[in-house]
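Scroll down for the structure; my scribbles are underneath it.
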Amino acid sequence: MGDFQSPDGMLAGIGWTGKRLKILWAHRYVLPLERQLYGKGFTGAELLPDGDILTCGFNALYLINPIRKTCRPWLVRDDLNDLHDVAVQGKGGERRLIIANTGLDRIDVFRGDGAKLLNRIPLTPLNSESPQIDNDPYFDELANADRPIYLRKLRDQVHPNTVLSLKDRIWVSRLNDRALTLVNGEKVTYLPGLPHDLVPWKGRIWMTTTDGRIWSSNPDLRQGNPRCEFDSYICTGRSGWIRGLSISERLLIVGCTRISRMPRERWTDRSFAHTETGLLLMNRSDGSSLDWLSLEELGEHPKVFGIYSWSRQ
307 MGDFQSPDGM LAGIGWTGKR LKILWAHRYV LPLERQLYGK GFTGAELLPD
357 GDILTCGFNA LYLINPIRKT CRPWLVRDDL NDLHDVAVQG KGGERRLIIA
407 NTGLDRIDVF RGDGAKLLNR IPLTPLNSES PQIDNDPYFD ELANADRPIY
457 LRKLRDQVHP NTVLSLKDRI WVSRLNDRAL TLVNGEKVTY LPGLPHDLVP
507 WKGRIWMTTT DGRIWSSNPD LRQGNPRCEF DSYICTGRSG WIRGLSISER
557 LLIVGCTRIS RMPRERWTDR SFAHTETGLL LMNRSDGSSL DWLSLEELGE
607 HPKVFGIYSW SRQ
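Written out as structure tokens, the structure reads:
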């Protein structure tokens, strides 16, 4: 998590009693001063076998031990900008780290220990005629060329959100393209919304779009035909910028973030005035609402980015 009104990273532990969601604990981490960017905290993460969490900050990877409440910089480089997600591919000596280096519209591949950059995979728009936004306060605010790359808001064209390693292939959700593809641009699945999360489940890839819809697609098809599983807004009446998805046999949980202004990507046609920050728990079989947990108490304007199933080791 992060907070629009703070440079800190945030992590919260949520419990499910069988009837209610509840906040078990919440930690706020002050990131190194030279790496801080106001309004940017933690984004995507990968759970490691020992229970630690490898999470993205704006310009570095951090290693978190939730039990000890520790957080330390793990991979710090000056060519990282607006990191959105990290995934682990392979095991042992073949392990690789896949990073969505979003500000640079690039997927970076590192050796498993982060010590060596193995590959840089640039992403280009699927449609070369896609309209570009010339004036946007979000980018102009910190676009000064005198600032180092890792502290600038760069004008991305593809905006890779999530990376997923599945059957030795790398999948990427591409927000500006409204598409899911392999990292090489093949096997395109177009979506009518802005895609974010990618979760493998029962032979399909489940996805969120930020307007609240939840989709699934067959990864084996050359060109996917996404199936809308649920519309969380229609099913529950809860609304927010949707980021974060976790799935189990019975349950489905999505993260919502309150919006204070209409995003540049035109989130949806409904008003953002009643959006909320919290977690929405749904019955996976029929999409019915089981519970809602507000997370507004965790900050001035907290934002959810990812949801992961974690237990004490």
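Numbering (the numbering used here), first residue to last: 307 to 619. We treat Cβ as the ideally placed atom computed from N, Cα and C, and that holds for glycine. For clarity, every value in this text was computed on a predicted model and none was experimentally measured.
Nearest residue (CA-CA) to residue i, options the options
i	options	result
HIS333	ASP358, SER312, LEU343 and PRO372	PRO372
LEU601	ILE511, LEU558 and LEU330	LEU330
ASP503	GLY518, ASN490 and GLU492	GLY518
LEU381	TYR344, LEU423 and GLU400	LEU423
GLY612	LEU317, PHE310, GLN311 and SER312	LEU317
Pairwise C-alpha distance: residue j and residue i
i	j	result
PRO501	GLY550	11 Å
THR581	PRO498	21 Å
ARG417	GLY363	19 Å
LYS346	GLY315	8 Å
LEU410	ILE320	33 Å
SER538	LEU488	27 Å
ALA579	SER566	7 Å
LEU596	VAL415	39 Å
THR516	ALA406	18 Å
ARG523	ILE559	Looking at the sequence itself, residue 523 is Ser, so the reference to Arg does not match. Spanning the two alpha carbons is a distance of roughly 18 Å.
ALA351	ASP575	30 Å
ASP256	PRO532	Nothing can be reported for residue 256: it is not among the residues displayed for the chain, which extend from 307 to 619.
LEU327	ASP388	31 Å
VAL505	THR468	10 Å
Close beta carbons around residue i, own chain, < 6 Å, minus the five adjacent residues each side
i	result
PHE536	ILE520 and GLY593
CYS377	TYR335, TYR368 and ILE370
TRP507	ILE553
Extent of the continuous beta strand (DSSP E) to which residue i belongs
i	result
TRP477	475-480
ALA351	351-353
PRO379	376-382
PRO466	466-472
SER594	Per DSSP, SER594 belongs to no beta strand (DSSP E) and is neither H nor E.
ASN589	584-589
ILE613	Run containing ILE613: none; DSSP gives neither H nor E here.
Contact set for residue i: own chain, Cβ-Cβ below 7 Å, skip 5 residues either direction
i	result
LEU386	ASN365, ALA366, ASN407 and TYR456
ASP384	PRO454, ILE455 and TYR456
(message) Suppose only complete runs of 4+ residues qualify. What are the alpha helix (DSSP H) ranges in the segment 489-566, listed by chain order?
(response) 538-542
(message) Which runs of the beta strand (DSSP E) at least 3 residues long sit entirely within the segment 394-437? Give them in chain order.
(response) 402-407, 412-417 and 423-428
(request) Please list the segments of the beta strand (DSSP E) lying wholly inside the segment 308-340, counting only runs of 3 or more residues, in order along the chain. (result) 315-322 and 327-335
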